[in-house]
Structures are given as C-alpha cells and as structure tokens.
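In the numbering used here, the protein residues as written are 1419 to 1710. Yeah, the Cβ is synthetic: ideal placement off N, Cα and C, and Gly gets one too. Single-structure report; data block below.
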C-alpha cells in the first residue's frame, strides 16, 4: 500500500510534465499560425497557463463542491454521518475532514482537498437514505482512503488540467469565429480550432484516465482494512448495482472524484470511465474476504 501512495505522488509529477508539454505545443501552434511566431507571446502563454493551472489547483476543491451544489453541515445537522467521519478519521490517524451533503437521490460520494488537512468528504442525500450504518461507514472509509493515500491530490491536479484544456479550446474557437481575417493562415487556424475543440474533451478524459482505475481498487482495499468488514462495502456496491449511481446534476470534470460513476451509462464519458465495473470491485473484495 505504501508503494501505491508513492506511485500516486510520482504520477502527479508525471501528469504535470506531460500536460505542460501539451500546453506548450498548443501555445506554440497558436503563436506560429495566428501571432506570427512571437517569442514573447509564446513564453507569456506558457506562464499564463501555469498561473491558471495553479489557481485552479488551489481553488479546485471549492470549485468541485460548488459545481456539485454541495452544502457543508455540522454535527447537529446529521449526527449519524458526522460520527462515522470522526471515528474513521481517528482510526486512520487523520484530521477530521469537513463534511458536506449533496441533495441528490442517487447514492454517491466523493472526497476532495489538496491534502488531509484540507480534506472534504461529501455524500449525497440518496446515499444516506439507502445505506445502513455498516454500508455507509464502508463508503465513507473508501473516500477517507483516497485522503489517506493522497489520491485527492492527484484528483485535484486532474481537475485543474481539465479546466485549462477546456479554456484553451474555448479561446481557440473564439479567436477563430470572431476573426475577420480571410488569409490562408486564418483558414488553417479555423481547422485547428475546430480540431482542438473536438480533441480537448477527449484529452481531458484521458487525463482523468491517467488517474487510473487502480486507485479505486486501492481505496476499496483501504476501506476493507479500516473497517475490518469487507462485507459492508460489498453490500453497498450491490445496492449501487440495483439503484444506479447516476447523478441528477452531472459534471464530467469532477466525475472521476466520485465513489461510483455519476454519469449516464450511455454518455461518451462512460466509455472512458475512470471507475472499474462494480462487479470487478465486488469480486476483488470477495477475494480479500476469502483470504482474510
């Protein structure tokens, strides 16, 4: 498990390097085709992209909570949930995360924050309604596992990079459509802008895939080890198979944060889901239970 945590930290660096190379290539292309090859513009674009990435990274947790319409609660608002989060934080030796609830009938949850000290655990009202105490504890332990294993840091990097890629695609399209330049270069830029707009969401999805389905398996294993009761998580996953986890309010940029895929099953994003199939997760947990 410790090697997986170290791998997650290395993965953050690797994703950042690959992304900055990608951003550099896009800025260079824009500069070459549209701005005449100005070195100052190229470096300015890189600096601007880096600053935007940092801002989005540090604001990512708040953005994730905002776009999912999550509301912070106190212990008096839901003693059951708060008690579970506090007990698991003590068990894991972590600071107690802030607790949020999303008003959504779909059973789901996510954790966010740059590190354990700034971590947040959020569950839906639907999860609270259909899960018994052991199932709810197991789901929250899974999310706390992401905190403990520093998955949330990788997730925040993915969220930030997705936002920057979307911004670049939007800028390219706006420069294309609102330009009155009929030169051949502009026609080339029009084609590049359209291609970039098509590729951008695919690249964003691939960044989320870079987070790897393995982190979900790791969080499942962490949950089972923390609660000492894999059957609780197995039962929760079985309920998700019956009810589904598709959210009423969906956002593809934060889908990778959730306990189970919150997107519609027939959407393009589901084809590249960062979440392993529920049956595979259940099978792995049953194998753990057998060997325990």
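Under DSSP, residue 1644 takes part in no beta bridge, so it has no partner. Three or more pairs of CB atoms, one per stretch, sit closer than 8 Å, so the region 1516-1526 contacts the region 1542-1562. Rounded to the nearest whole angstrom, the C-alpha separation of residue 1705 and residue 1467 is 45 Å. Assignment of residue 1468 by DSSP, reduced to helix, strand and coil, places it in the helix class. According to the DSSP assignment, residue 1548 belongs to the alpha helix (DSSP H) that extends over 1543-1548.
With respect to the 8 Å criterion, residue 1562 and residue 1512 are classified as neighbours on the basis of their beta carbons. Rounded to whole angstroms, the Cβ separation of residue 1578 and residue 1478 is 5 Å, and the two are in contact under 8 Å.
Spatial neighbours of residue 1510 in its own chain (CB-CB distance under 7 Å, excluding positions within 5 residues in sequence) are listed in chain order as 1562, 1566, 1644.
If you draw a straight line from the Cα of residue 1474 to the Cα of residue 1582, it comes to about 8 Å.
Judged by their CB atoms, residue 1536 and residue 1529 are not nearer to each other than the 8 Å cut-off. As far as DSSP is concerned, residue 1428 takes part in no beta bridge.
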